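Enquirer: Residue numbers (our numbering): 468 to 747. My structure is below; once you've seen it, I'll send some questions.
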Amino acid sequence: MDENHLGDFLRARRAGLRPRDVGMVSHGTRRVAGLRREEVAVLAGVNGDYYTRLEQGRERNPSPQVLDALARALRLDTDARAHLFRLAGGAPGEAPSAHAAEEVSPELRQLMDGYPHTPAFVLSRTLDLLAANALAEALFEPFEPAGNLARMVFLDPAGRAFYADWEGAAQATVANLRQAAGFDPDSPRLRRLVGTLTEHSADFTRLWKAHAVRGKTQDAKNLRHPEVGALALTYQAFDVRDAPGQQLVIYHAEPGGPSARALDLLGTLHATRRRTGPRG
Numbered sequence: 468m469d470e471n472h473l474g475d476f477l478r479a480r481r482a483g484l485r486p487r488d489v490g491m492v493s494h495g496t497r498r499v500a501g502l503r504r505e506e507v508a509v510l511a512g513v514n515g516d517y518y519t520r521l522e523q524g525r526e527r528n529p530s531p532q533v534l535d536a537l538a539r540a541l542r543l544d545t546d547a548r549a550h551l552f553r554l555a556g557g558a559p560g561e562a563p564s565a566h567a568a569e570e571v572s573p574e575l576r577q578l579m580d581g582y583p584h585t586p587a588f589v590l591s592r593t594l595d596l597l598a599a600n601a602l603a604e605a606l607f608e609p610f611e612p613a614g615n616l617a618r619m620v621f622l623d624p625a626g627r628a629f630y631a632d633w634e635g636a637a638q639a640t641v642a643n644l645r646q647a648a649g650f651d652p653d654s655p656r657l658r659r660l661v662g663t664l665t666e667h668s669a670d671f672t673r674l675w676k677a678h679a680v681r682g683k684t685q686d687a688k689n690l691r692h693p694e695v696g697a698l699a700l701t702y703q704a705f706d707v708r709d710a711p712g713q714q715l716v717i718y719h720a721e722p723g724g725p726s727a728r729a730l731d732l733l734g735t736l737h738a739t740r741r742r743t744g745p746r747g
């Protein structure tokens, strides 16, 4: 089946806006949840029939000028604008995306191991945990297995206890996966993951239909670990230049604060278990 990813995205973002959000006056009874097609066309300065063909998948090659106009009309932020361009055939200045690398280089693993007091891990675009240092392994120990962040958030019972702001974590996770879909909409891995999450999580399905898009950059994380309690952390995400699609994520606690002490304790507990091995 020839899916209409661009049209789906445009419809979802149109449905998320009200006339008052874009400075329009609403007249009469409205039968749609958000903006009408003709309203988006007026805001973007494009022909109404042309915009309809875009949503229906009958027009597949909008110009960069049209995409810019649609991004402004739909109030898209930087991540969502880049996603729109990718769905339409590639963001400005970007080469066509190849499938992301899944192997983490020995040099990057060595770099992560050189940070024993902060969790560090590598993610794929589909949020698979490709590699982690010892403290990241300890941090994610409540999950069985800690293999994919989306599955951890939506399908593992530990997720709702681990993330203090579960709804915020869920929204960010789905927005990250939407960004991945823009890079490679037909990725077999992404299709399987989204299929599993949709089948087993109504919350995922609800958020997936919203078509929100966001990349990982930096943010705060409030976590609850069953062994050391509350953790107030920030994270930074870095693209791995020689492995397109991989991101290095590093968590950080305020030096000398209670979360830093909790991470130190967690690292000690994890190291002790690794030395002593499983109890018989």
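Here a beta-carbon is modelled for each residue, glycine too, at the ideal position from N, C-alpha and C. Quick caveat: nothing in here was measured; it's all calculated off a predicted structure.
Nearest by alpha-carbon distance to residue 442: which of 482, 727, 614, 626 is it?
Expert: Since the first residue of the chain shown is 468 and the last is 747, residue 442 is not available in this structure.
Enquirer: Quick check: the Cα distance between residue 669 and residue 595, rounded to an integer number of angstroms?
Expert: In the sequence shown, residue 669 corresponds to position 202, counting from 1. In the sequence shown, residue 595 corresponds to position 128, counting from 1. If you take the alpha carbons of residue 669 and residue 595, they lie about 21 Å apart.
Enquirer: Indicate the three-state DSSP secondary structure (helix, strand or coil) for residue 610 in the structure shown.
Expert: In the sequence shown, residue 610 corresponds to position 143, counting from 1. Residue 610: coil per DSSP, three-state reduction.
Enquirer: Would you list the residues sitting across from residue 696 in a DSSP beta bridge?
Expert: In the sequence shown, residue 696 corresponds to position 229, counting from 1. Answer by DSSP bridge pairing, in chain order: 692.
Enquirer: Suppose the cutoff is 6 Å on Cβ atoms and the five residues either side in sequence are ignored; what does the same chain contact list for residue 537 look like?
Expert: Numbered from 1 along the sequence shown, position 70 holds the residue referred to as residue 537. Only 511 meet the Cβ criterion.
Enquirer: Extract the residue ranges of the alpha helix (DSSP H) inside the stretch 475 to 522, only unbroken runs of 4 or more that lie entirely within it.
Expert: If we require 4 residues or more, the alpha helix (DSSP H) runs fully inside the stretch 475 to 522 come out as 504 to 511.
Enquirer: Measure the beta-carbon distance from residue 479 to residue 678 and round it to whole angstroms, keeping in mind my assumption that it falls under 8 Å.
Expert: Here residue 479 corresponds to residue number 12 of the sequence shown, with the count starting at 1. Here residue 678 corresponds to residue number 211 of the sequence shown, with the count starting at 1. Confirmed, Cβ separation roughly 4 Å.
Enquirer: Can you tell me whether residue 581 is buried or exposed? The criterion is at least 16 other CB atoms within 10 Å of its CB, across all chains shown.
Expert: As a working note, residue 581 is residue 114 in the sequence shown. The residue in question, residue 581, is exposed, as its Cβ has fewer than 16 Cβ neighbours within 10 Å.
Enquirer: When the Cα of residue 708 is compared with those of 575, 540, 522, 549, which residue comes out closest?
Expert: Stepping through the sequence shown from its first residue, residue 708 is reached at position 241. Nearest of 575, 540, 522, 549 to residue 708, Cα basis: 575.
Enquirer: Determine the direct distance from the alpha carbon of residue 680 to that of residue 549, and round the result to whole angstroms.
Expert: Position 82 of the sequence shown, counted from the first residue, corresponds to residue 549. Position 213 of the sequence shown, counted from the first residue, corresponds to residue 680. Their backbone Cα atoms lie some 9 Å apart in a straight line.
Enquirer: Within 8 Å, do at least three Cβ pairs link the stretch 657 to 674 to the stretch 616 to 628?
Expert: Result yes; three or more Cβ-Cβ pairs closer than 8 Å.
Enquirer: Would you mind stating whether residue 631 and residue 689 have Cβ atoms separated by less than 8 Å?
Expert: Translated into the one-based positions of the sequence shown, residue 631 becomes position 164. Translated into the one-based positions of the sequence shown, residue 689 becomes position 222. Taking 8 Å as the Cβ cut-off, residue 631 and residue 689 qualify as a contacting pair.
Enquirer: Output the boundary residues of the beta strand (DSSP E) element that contains residue 714.
Expert: Here residue 714 corresponds to residue number 247 of the sequence shown, with the count starting at 1. It spans 714 to 719 - the beta strand (DSSP E) in which residue 714 sits, taken as one unbroken run.
Enquirer: Report the residue from 482, 584, 589, 578 whose alpha carbon sits nearest the alpha carbon of residue 570.
Expert: Translated into positions along the sequence shown, residue 570 becomes position 103. Nearest option by C-alpha distance: 589.
Enquirer: Look at the alpha carbon of residue 736 and the alpha carbon of residue 699, and state the distance between them as a whole number of angstroms.
Expert: Taking the first residue of the sequence shown as position 1, residue 736 is located at position 269. Taking the first residue of the sequence shown as position 1, residue 699 is located at position 232. If you take the alpha carbons of residue 736 and residue 699, they lie about 19 Å apart.
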